[in-house]
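In our numbering, the protein residues as written are 1258 to 1322. Notes follow once the structure below has been shown.
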């Protein structure tokens, strides 16, 4: 039993290493930074629909730096 667990673990690590190498070798699509955090903001995003005019009140002191 112990040998089969070791064999499965080694196979798993070998497959993961191969997968990571394939993913790292892939070129990023055009316009992609490879980071999902820095995606362009879409107008239909539910995150901040409450104020569409972000630049309209730059002169007011709204407490943000």
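Glycine residues also receive a C-beta, built at the ideal position from the N, C-alpha and C atoms.
{"query": "According to DSSP, is residue 1285 helix, strand or coil?", "result": "coil"}
{"query": "Leaving out five residues on either side along the sequence, give the residues of the same chain with a beta carbon under 7 angstroms from the beta carbon of residue 1268.", "result": "none"}
{"query": "Return helix, strand or coil for residue 1258, following the three-state DSSP convention.", "result": "coil"}
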